[in-house]
Every structure is written in structure tokens, then in C-alpha cells.
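Data first, discussion second: the structure below is written as C-alpha cells.
Protein chains in written order, with our numbering: chain A, 1 to 593; chain B, 594 to 885.
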């Protein structure tokens, strides 16, 4: 059970440390049904709340219970964390951490923590200055700051317990992901794959913030923590030091593979799962080879970081298809037996079902229109690229689907064990590498790979899809004008929630997708909705409103929509967004009357 | 406090003068044509330049770069006080500087740069090989030695893009020994490349002309520079015309700067010579508009 030491309100650090010592390893995994202690609620990354007061029959009566201004008007991608009677929220840079007392009327601020993060990190972040939230364990909150630090804060007092510097902002490293706590370790990764960063996942000890291990995404096996127990399912991923030999020269040293998505954990197998980002900053022609271990998934032991298996979604990635999307751990009846699997909707457009113990691909089916590849060859596990859509410097390539943000980007899916459907927020975008224009950086003129994103087939830019991973098809899908850049939330009342970039927060029937209720918030929604039971015993739904991120930077960063390649080409596809939403930064909490 | 306020008022007046008082402009132009000193309203004017604080030979905070020198020349011509907004010239530079109304002009951008309104070009240069003088001269990507040489190249780190030499090296088999220099790191990529060249860690570097020339000029003849001959199989330009850039609706300032560039061409050329900027003739068909 989760320790309740945060309720003691003691200010005696020594006593806390002693209690932690006596209690043994930090657990922090098992939430009571009314709590939401980490971004995805559980280490399986389900995003499923067992609360069922809000149902398909009464969801239309949802109303605003309270709101809270966050004081920062940039993209709000975080999940509110709820433990006991307190909600914790991390804002975009400057990365304030708020504790809100849910027991008080109108939800009063309990404390606010300002990490005083380095302002220089804002100029380094690729795609808005977002943060994806904190993780709670054993009376502490752990979160990352844009300037590449991990901080532990005492949940009761808001006091800093430790802070560890993990990367160099000056070299392009930032941190935006939400940590995962497994036993006594805090797992964190870096961002900055386009900027010459070399990716890693790092384990810190929860008590003091000391770095216990770091697993690099490129380089020799000793750096990648590949040893005798590494058993990748396919032969192309076996061999000595592939993190060096699958790159030319020393290109692996700045090869990307950053780790900025969600980490999941299976206690039965004692395995961590996470994806690695795209290779960079080299153009594909200058880095022939599979570019290990980028755009793939690792399974590792949490205690040592040792790699157990690996599979590469997009070998020698050509299209900026990071492999960091969430890995949802579920058990499915496949081939007459119940199998532990990983569900993973990838940027490259395929919905993967992997055997969780071995990494073998059980199925991979397109969930969006795909032109960049023709399929995944199951016997070999290989993605079969379409050579006609390969980018070549200075040449025209049209109708590249999905576009660089992929069939789906970071925005996390939710799994309902009741409907056995995965609810996937995603985009429907293609891109043309059609016109090339002069760019200029640090006194260096060049002709930019001018990627102009456009709506995919059907003309809509987003979709909210319920996917049946056993039948390997969509159960239903809702078309949205803009990319659905918010997370999804599934509940035991068979109501599923998501937000739109125009600012609508929607409740839909988990079985049919029928719209039950919607509410217009003050800005676009790109956050992760959560559900909790309040001190009054009622079920609440919480989400941050505040547009931004890569998709919404046209509003939050004031990009110029006439500039086709602003925001990495995304602004072109989002020219009309500023007409639909202003910037924002507000917590909305909803409940039945 | 009050001086800052005064400064802002002065800037406001300056910009109002530039943008909204064409009568003054006409007077100023007339005065310029006559070579006469500009009086009265012009005293309050400030030329707000956005520049990288650590990017020689272009600019630095000590104003030791050739773009700093050209900015000073322009300010004198416009009878304006020169002020700088210093920001690293990285992703988002235009948005965070001119876009945030912190300045009005960038002294060096490629002609036809879509994010700004660009003036007439004031020089054209090309990418160049830089090598120790003792080495056999390299000027073509078809040179058979290329794949075996340790060659430094700048990485622009922007959505799978590369510099033209970056593409050319890859297509000509120079892959295993090419060393990439990211925009992000300790000091400028140019500085890291040239110190590696000096330390013997590189056999050659492919640099943008002004950087190549600046480095070689200061090397006492230890290095030579050869502008590259564009390979036939890379459909990208290797030479670029360079202009000043202003806000896309700031035609008035663009026209003023065009006139300064035309009238002070000799002084600008002298500054570029001083920094060893290798140049190509300005005129070229379809003057470096976005190549199609």
C-alpha cells in the first residue's frame, strides 16, 4: 500500500527519512480508486478511472465545479495529480508546481513551488515550453524542469527535498516528460533530438536524487546497458555495439533517440517499457544504417537498467517519426490464450501489438492513411518503406502520410478494461516537401527541408479513435477539425473524455462514441484529463485548458501563419487556429450537480 | 527608470518617424542625396538591430563583427543611435527578436528569406573548403580523396535538413569520416570546427564563405580557402546573396536601407574585405529567391 506519510505534516526531515527507511522501498504504485498519483494513473499507462458515478445516463448534467488560473499562458500538457485531498499541477516553463486543497471551498491554493528554472532553456525547447506533469510517491512529488533538472518536493509543505542536474541546456538538452516512480527509483528522460542531443533514460534514487544508472540510446553496449541478458526478438537487432556500428563514423555521439514520452512498468515481468526518439540531427543520407537505438522500444530492468529486449518501429527513420508514444500494458486473448501485450500507436501510423515478454510483433495495422510504408512484415518485424516517399535534399516529394508529427504524437491513449478498447487521440495530417526555401541559422545559409503539413484524406485534421486490438480494427472514430492533441481518459462509468484544440472538453459514450456532453473552455485543450474522488465523495473530472505544444504553438508562441515552415511546418496546417482560440492556462474541474 | 522611459519614447518616435511620416522620409532622402546633415527630428532616432552576441565573424557583443561594422555605418547614414537586441541566432530567432518588436533590422540574412522583407543584396558568397595550406587543394566534391578525409560540416538541426555541403558530402561517399558540428554546444559551431582544424582533428572543413575567409585571413597563410564548385547531383544552391532583413510590412525602412546599400557600397565592400569575406559577383539571374 502507498505510504500516507504526507498526512503527518511533519517538518522533521530526519524523521521522514527514518520513516522511509523503516517502511522499506518506496512503493507509490497502488493508488486508491479515487486517486490519480501519476500522469497515466497506473504504471500500465491505462488512464482508466474505476470511478463510475458519472455514467452515459447522467454525463449531460456535468458542470464546472471550480477553476484555477495557472498563471502561465503556454501549452498546458500536464496531468493534474491527485493524492488524498490535494491536487498537484506542473505548469509549462517556468514550471511552477501548485498544490491545491480540494477540501476547501473553491479549491484554495495550499502552496506554490517555483523552481527558478534557467530562462535560457526556453530558447532551446523545440516545440513550445511544455511539461507533462509530476509523479507522486511516498509523500513526495517528482518532476522535471525545462532546464534539465529533476526535483523532489515534499508534498505536505512544498519544500524542495533535492534537485539533480541531468543535462546541459547549452547543448540543446531539455526535459519535458513526466517521471515514473518504480520502487525506490525515479525514471526520467531527455528531450532535444533535433539539436544534437544524445538520448537517455536515467534512474535516480528517490530518497536523495543520486543517479543510479543511465541508459543511453546510442553508443557502445556498455553505454546502452546491453549485456548478456539482452534478447531482442529479431536478428537485425542482435550484434555487438550496434549503437555504434549502425551509424557512420561518430554520428551516434549526437544521434538523438531522446526519451521524452511516457514510461510504463509491468511488476510481474519486472520490466520497464519506453520508446526512443528519432535519429538526428543528421539528414538521412548522411547517416546510412539502422541508427540504433532510435525510434524503437526498450524493455529494461528497473533496478539495473539492463536491457532485456528491443524492437525498432522505424529503422533509419526518414520522416521524424519518434518512437516515444505510450506503451499501454494489457492482457489480451490472442490465438486462444491470454497474452501479456504492449499496445502502441506509433507516429509511423501503425497500431502495434507486441508480446510484452519477448518484444515480438503480434500485429501491426494502420490506424491512419499511410503512404511512407506499405506494411510491417511480421516474420522479420521489419517496417517496409515506400521508396517513393523518401526525402532527398532539394527534391519534391508530395503526399507524405503521415506527416512528421505522425499518425499520432505524444498525446496519450486510454484503455478501458470494460470495453476492451484503446481510445486514441490523434491527427490526420500529410505533408508535402514541395517548395524549398532559404533558411538561416547561426550564420549558416541553407535550403530548408520545407515541410508543409496539410489535412489528410477527408479534410479533417484530427480524430478520436476507439481501437479494438483483438479484432485489429476501429470500433468507432470521431472526426475533429483540428488534431486531437489532448490525452484521453476512460472511466468505469463507460464515459470517455478528451479535449479539442478549439477548447471543447467532450464526454462520449465508450461503446458507441456518441457525444454525451461538451463544454467550451477558455482556450484550446492539449492536457491530460484525469478523474478523482473528492473529499466529499463525489467523482470529479479535471483537465488543463491552454493551447500550445508543437501543434498549437501558432497561438501560444505567436507564430506567423503566413510563414509556411514556422513551427516545423505545423503552423501551415494550423493557420486558422488563432481564430478559434486564444492562449490560456486554467484548470477546469467538472462534477455532477 | 526615467532614462529607460526616455529611451522607449525615443524609440517610439524613431519608429513613428520611419513608418508614418513619409514627408520626413522624403526630406531625409533629399538630404541624403544632397549629402547634407539631417537635422531636428532625426536626433531622436534609434536603429534597433537584432544580432547574435557570439557569432564572429558576423557579430558579437563587443561589436567586433563585420555585421556590427555595417550596422554602425547604416546608423551613421540614418543619423540614428545604434542599439542591439542580443539573442543567439537559432531556431525562433526572428520570432523572438523582430517578431517580439525588440528590434527592427537583421543585418545579414539570405536574400528572399521568407520570414522577413529583405533589402537588395550587398554581397554574395559561397560555401568553401578550408584546409591547411600544406594539403593538396580540394575544391570539388568529385575529388577521390574526399571519402577518406576527416571533414567538418555544420549541422543545422532542423527537421532532417542539412547544409548543401552536407548533402553533397553524403552523395559523394564522404560519410564515415565526416564530423558534424551542432548549432548547440560550447561556443559557436564555427569556433569548434576551426579549433579542431587547427588542432589537426580535421583534414578540412566546409564552411560558409565569410567564416572560411575570416579564419584563413587570420591564419598567416596556414590555411587556404577554395569556394566549392557545386556538384551536378545536388539540386541546391551553394552560393547565396545576403541582404538586410526588416519586418515584412516595413517597406519604408527597407527602402532606406536599399539606398544606404547602394550609396555606401564601397565602404561596405571595404569592411567585407577587411574580414576576408570571399565574394562572387552580386548579379545572378533569379537573385537567390527561394530556389524551386
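For each residue, glycine too, the CB sits at the ideal point set by N, CA and C. Model, not experiment: these values are computed from the prediction.
request  = Could you tell me whether the segment 532-541 of chain A touches the segment 569-578 of chain A, where touching means 3 or more Cβ pairs closer than 8 Å?
outcome  = no
message = Buried or exposed for residue 322 of chain A, going by 16 or more other Cβ atoms inside 10 Å?
response = Locating residue 322 of chain A in the first chain gives position 322, counting from the first residue. Classification of residue 322 of chain A: buried, given that the 10 Å Cβ count is 16 or more.
key: DSSP three-state assignment for residue 44 of chain A, whether helix, strand or coil   = If you number the first chain from 1, residue 44 of chain A lands on position 44. Residue 44 of chain A: coil per DSSP, three-state reduction.
ask   = If you drop the 5 nearest sequence neighbours on each side, which residues of the same chain put their C-beta closer than 6 Å to that of residue 218 of chain A?
value = The residue labelled residue 218 of chain A in the question sits at position 218 within the first chain. The answer, listed in chain order, is 198, 243, 252, 255, 257.
task = Quick one: measure Cβ to Cβ for residue 157 of chain A and residue 111 of chain A, integer angstroms, because I've assumed they're closer than 8 Å.
result = The residue given as residue 157 of chain A occupies position 157 in the first chain. The residue given as residue 111 of chain A occupies position 111 in the first chain. Confirmed, about 7 Å.
key: Backbone CA spacing between residue 789 of chain B and residue 530 of chain A [nearest angstrom]   = Translated into the one-based positions of the second chain, residue 789 of chain B becomes position 196. Translated into the one-based positions of the first chain, residue 530 of chain A becomes position 530. Taking the straight line from one Cα to the other gives about 52 Å.
query = Can you tell me where the alpha helix (DSSP H) with residue 666 of chain B in it begins and where it stops?
reply = Residue numbering aside, residue 666 of chain B sits at position 73 when the second chain is read from its first letter. From DSSP, the alpha helix (DSSP H) with residue 666 of chain B extends over 659-670.
task = Check each residue of the segment 728-759 of chain B: if its Cβ is closer than 7 Å to any Cβ of chain A, include it; give the result in chain order.
result = 747, 748, 749, 750, 751, 752, 753, 754, 755, 756, 757, 759
request  = Kindly indicate which residue of B:861, B:846, B:841, B:845 has the alpha-carbon position closest to the one of residue 707 of chain B.
outcome  = As a working note, residue 707 of chain B is residue 114 in the second chain. The option with the nearest alpha carbon to residue 707 of chain B is B:841.
task = For residue 52 of chain A, collect the residues of the same chain with a Cβ closer than 6 Å to its Cβ; drop the 5 residues on either side in sequence, then sort them by chain order.
result = Here residue 52 of chain A corresponds to residue number 52 of the first chain, with the count starting at 1. Only 492, 493 meet the Cβ criterion.
ask   = Who are residue 678 of chain B's beta bridge partners in DSSP?
value = Counted from its first residue, the second chain places residue 678 of chain B at position 85. B:643, per the DSSP bridge assignment.
inquiry  = Whole angstroms are fine: how far does the CA of residue 148 of chain A sit from the CA of residue 169 of chain A?
reply    = Here the question's residue 169 of chain A lines up with position 169 in the first chain. Here the question's residue 148 of chain A lines up with position 148 in the first chain. Near 7 Å, if we compare the C-alpha coordinates of residue 148 of chain A and residue 169 of chain A.
ask   = Would the beta-carbon of residue 816 of chain B fall within 8 Å of that of residue 725 of chain B?
value = Indexing the second chain from 1 puts residue 816 of chain B at position 223. Indexing the second chain from 1 puts residue 725 of chain B at position 132. Yes, the pair counts as a contact, with Cβ atoms nearer than the cut-off.
ask   = Apart from the five residues just before and just after residue 60 of chain A, which ones in its own chain have a Cβ nearer than 7 Å to its Cβ?
value = Here residue 60 of chain A corresponds to residue number 60 of the first chain, with the count starting at 1. Answer for residue 60 of chain A: 516, 517, listed in chain order.
message = Which residue marks the beginning of the alpha helix (DSSP H) containing residue 847 of chain B, and which one marks its end?
response = In the second chain, counting from the first residue as 1, residue 847 of chain B sits at position 254. Unbroken alpha helix (DSSP H) run through residue 847 of chain B: 844-856.
Minimum Cβ-Cβ distance from residue 648 of chain B to chain A less than 8 Å = Against the second chain, residue 648 of chain B aligns to sequence position 55. Closer than 8 Å: yes.
message = Can you tell me whether residue 576 of chain A is helix, strand or coil according to DSSP?
response = The sequence position of residue 576 of chain A within the first chain is 576, counting from 1. In this structure, residue 576 of chain A counts as coil in the three-state DSSP scheme.
ask   = Mind checking residue 794 of chain B: buried by the 16 CB within 10 Å criterion, or exposed?
value = Mapped onto the second chain, residue 794 of chain B falls at position 201. So residue 794 of chain B ends up on the exposed side.
query = Does any C-beta atom of chain A lie closer than 8 Å to the C-beta of residue 763 of chain B?
reply = In the second chain, residue 763 of chain B corresponds to position 170, counting from 1. Chain A, which has a Cβ nearer than 8 Å to the Cβ of residue 763 of chain B, makes this yes.
ask   = For the segment 153-200 of chain A, which segments carrying the beta strand (DSSP E) assignment without a break, of at least 3 residues, lie completely within its bounds, in sequence order?
value = 160-165, 180-182, 185-189
request  = Please state whether DSSP places residue 539 of chain A in a helix, a strand or coil.
outcome  = To locate residue 539 of chain A, count along the first chain from 1; it is residue 539. DSSP places residue 539 of chain A in strand when its eight states are reduced to three.
ask   = Among B:683, B:803, B:641, B:839, which residue has its Cα nearest to the Cα of residue 674 of chain B?
value = Start at 1 with the first residue of the second chain, and residue 674 of chain B comes out as number 81. If we check each option's Cα against that of residue 674 of chain B, B:641 comes out closest.
request  = Figure out for me which residue from B:671, B:801, B:771 has the closest Cα to the Cα of residue 831 of chain B.
outcome  = Within the second chain, numbered from 1, the residue matching residue 831 of chain B stands at position 238. The candidate whose alpha carbon is nearest that of residue 831 of chain B is B:801.
query = Mind listing which residues of the segment 63-93 of chain A have their C-beta closer than 9 Å to chain B's C-betas, in chain order?
reply = none
key: Coil, strand or helix - residue 55 of chain A by DSSP   = Within the first chain, numbered from 1, the residue matching residue 55 of chain A stands at position 55. Residue 55 of chain A falls in the coil class under three-state DSSP.
task = Consult DSSP for residue 478 of chain A and reduce its assignment to one of helix, strand or coil.
result = Taking the first chain and counting its residues from 1, the one referred to as residue 478 of chain A is at position 478. Residue 478 of chain A: strand per DSSP, three-state reduction.
task = Could you tell me whether any Cβ in chain A is nearer than 8 Å to the Cβ of residue 794 of chain B?
result = The residue given as residue 794 of chain B occupies position 201 in the second chain. Closer than 8 Å: no.
request  = Would you check if there are 3 or more beta carbon pairs closer than 8 Å linking the segment 480-489 of chain A to the segment 343-356 of chain A?
outcome  = no
ask   = Going straight from the alpha carbon of residue 66 of chain A to that of residue 417 of chain A, what length do you get?
value = Against the first chain, residue 66 of chain A aligns to sequence position 66. Against the first chain, residue 417 of chain A aligns to sequence position 417. So the alpha carbons of these two residues sit roughly 30 Å apart.
ask   = Is the CB of residue 410 of chain A under 8 Å away from at least one CB in chain B?
value = Along the first chain, read from residue 1 onward, the residue named residue 410 of chain A stands at position 410. No - not a single Cβ of chain B is within 8 Å of the one on residue 410 of chain A.
query = Measuring CA to CA, which of A:419, A:280, A:581, A:160 is closest to residue 248 of chain A?
reply = Working through the first chain from its first residue, we reach residue 248 of chain A at position 248. Closest by alpha carbon: A:280.
ask   = Roughly how many angstroms lie between the CA atoms of residue 364 of chain A and residue 513 of chain A, to the nearest whole one?
value = Sequence index remark: in the first chain, residue 364 of chain A carries index 364 (1-based). Sequence index remark: in the first chain, residue 513 of chain A carries index 513 (1-based). Computed Cα separation, rounded: 23 Å.
query = Are the CB atoms of residue 166 of chain A and residue 190 of chain A nearer to each other than 8 Å?
reply = Translated into the one-based positions of the first chain, residue 166 of chain A becomes position 166. Translated into the one-based positions of the first chain, residue 190 of chain A becomes position 190. Result yes, Cβ atoms of residue 166 of chain A and residue 190 of chain A sit closer than 8 Å.
key: Per-residue burial, residue 105 of chain A [other beta carbons within 10 Å of its own, 16 or more giving buried]   = If you number the first chain from 1, residue 105 of chain A lands on position 105. With fewer than 16 other Cβ atoms within 10 Å, it is exposed.
query = Residues of chain A with a CB under 7 Å from the CB of residue 703 of chain B: which are they?
reply = Looking up residue 703 of chain B in the second chain gives position 110. The answer, in chain order, is 438, 440, 445.
ask   = So is residue 312 of chain A buried or exposed if we call it buried at 16+ other beta carbons inside 10 Å?
value = Counted from its first residue, the first chain places residue 312 of chain A at position 312. Buried, since its Cβ has 16 or more Cβ neighbours within 10 Å.
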